[in-house]
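Going by numbering that gives the first Met the number 0, the residue at position 150 of the sequence shown is 149; the numbering climbs one at a time, nothing skipped. Ideal Cβ positions, reconstructed from N, Cα and C, are used throughout, including at glycine.
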Amino acid sequence: MVMGPPPGRFNGMRAAVLPTLFVSLLIVGCSKGGSETTTKGDSPSKTTGSSSEKLTKLGIVDVKEGTGPAVKAGDNCTVRYTGTFKDGTQFDSNEVEGKPEFSFVAGPTGGVIEGWKQGVIGMKVGGQRKLSVPSEMGYGAAGQGPIPANTDLYFTIKLLKIEKPGDDKVVRVKDIAVGNGKAVKKGDTVTIQHRGTLADGKTEIDKGKWTFTVGKNEVIPGIDQGIVGMLVGGTRRLDIPPLAAYGPLGREPMVPAKTNVIYTITVMSIK
């Protein structure tokens with residue numbers, strides 16, 4: 000059964016709820032703290048007259064380096080993460096089955112806490128990094144949800160994907176079965192069987208049969224682009240970035256904002 004409107008219906012969409020950590024895009028304490036990009040975590044400073052210890056800098060430890068180009072400011076990063084307090088108590092994670100991957104932009108415009116904006120710079124795909132984030136680069140004096148005010152935070156981040164500026168509309172295609180007969184072209188009316196998931200390939204967002212005219216914006220741009228050249232009976236996997244999918248708002252309740260999706264398409268007929 001199709002979840003919500005057919006692929007590509009944008010009217011009336013609202014932003015889906017992001018993971019707990021990223022509900023607020025206006026982060027407290029973004030102007031304080033510096034980054035430490037060595038392989039040593041920050042050495043806590045003791046508060047005079049108190050046994051409490053507070054982080055004074057962003058600590059970065061690369062557990063695994065990864066390969067390929069490094070993250071730069073402005074790159075869209077897709078990650079798995081776990082966040083804990085100093086005592087190891089977990090407050091948030093998407094390393095749980097059924098939770099989607101999370102995507103955000105590295106650098107000043109990222110819309111996440113300052114510790115993340117700076118902390119992923121230099122990572123490579125497949126890499127794993129531990130961040131020790133002082134409260135001033137996290138949620139500061141305001142706190143957020145389960146995070147008390149003035150609390151240092153600790154994260155393990157696994158980088159799954161980098162999308163460079165200009166790549167955010169590129170649909171990646173993989174033919175599973177080629178099919179036969181004539182090929183789909185712009186202006187054709189096609190009937191397809193489709194199944195859509197989040198980037199984990201498991202969380203289903205859409206499924207069923209759909210008839211539409213290619214190039215008429217009746218489906219999301221990624222399907223309009225990715226179906227061209229398919230033959231009747233052919234099956235193709237489309238890996239669709241956010242701007243060619245459901246955009247900055249996502250599609251409630253299944254697709255979070257700025258989320259990659261995967262569609263598996265089989266062409267049933269072409270007219």
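For residue i, the three-state DSSP class (helix, strand or coil)
| i | result |
| --- | --- |
| residue 184 | coil |
| residue 22 | Reliability of the predicted coordinates at residue 22 is poor, the pLDDT of 35 falling under 50, and no value is obtained from them. |
| residue 222 | helix |
| residue 107 | coil |
| residue 100 | coil |
| residue 247 | coil |
| residue 30 | Caution is warranted here: a pLDDT of 35 is assigned to residue 30, below 50, making its placement in the model unreliable, and the coordinate value is therefore given only provisionally. Looking at residue 30 - three-state DSSP - the assignment turns out to be coil, as it is neither helix nor strand. |
| residue 252 | coil |
| residue 136 | helix |
| residue 217 | coil |
Exposed unless 16 or more other CB atoms sit within 10 angstroms - verdict on residue i
| i | result |
| --- | --- |
| residue 179 | exposed |
| residue 175 | exposed |
| residue 244 | buried |
| residue 198 | buried |
| residue 173 | exposed |
| residue 170 | buried |
| residue 63 | exposed |
| residue 151 | buried |
| residue 268 | exposed |
| residue 108 | exposed |
| residue 144 | exposed |
| residue 87 | exposed |
| residue 28 | Reliability of the predicted coordinates at residue 28 is poor, the pLDDT of 36 falling under 50, and the value obtained from them is presented with this limitation in mind. Counting Cβ neighbours within 10 Å, residue 28 comes out buried, since at least 16 surround it. |
| residue 162 | buried |
Between the CA atoms of residue j and residue i - distance to the nearest angstrom
| i | j | result |
| --- | --- | --- |
| residue 121 | residue 182 | 43 Å |
| residue 201 | residue 185 | 30 Å |
| residue 52 | residue 146 | 17 Å |
| residue 116 | residue 100 | 17 Å |
| residue 104 | residue 68 | 15 Å |
| residue 223 | residue 205 | 16 Å |
| residue 192 | residue 265 | 5 Å |
| residue 239 | residue 260 | 5 Å |
| residue 73 | residue 55 | 26 Å |
| residue 128 | residue 114 | 12 Å |
| residue 60 | residue 256 | 29 Å |
| residue 79 | residue 95 | 9 Å |
| residue 225 | residue 125 | 26 Å |
Beta-bridge partners of residue i, as assigned by DSSP
| i | result |
| --- | --- |
| residue 192 | 208, 265 |
| residue 161 | 76 |
| residue 258 | Residue 258 pairs with nothing; no bridge assigned. |
| residue 176 | 234 |
| residue 124 | 66 |
| residue 153 | 83, 131 |
| residue 197 | 260 |
| residue 203 | 196 |
| residue 239 | 260 |
| residue 89 | 83 |
| residue 146 | 143 |
Any chain B beta carbon closer than 7 Å to residue i
| i | result |
| --- | --- |
| residue 180 | Absent from the structure: chain B. Only one protein chain is present. |
Does the region 149-163 come close enough to the region 225-236 to have 3 or more Cβ pairs within less than 8 Å?
no
Do the region 203-210 and the region 130-140 make contact, defined as three or more Cβ pairs closer than 8 Å?
no
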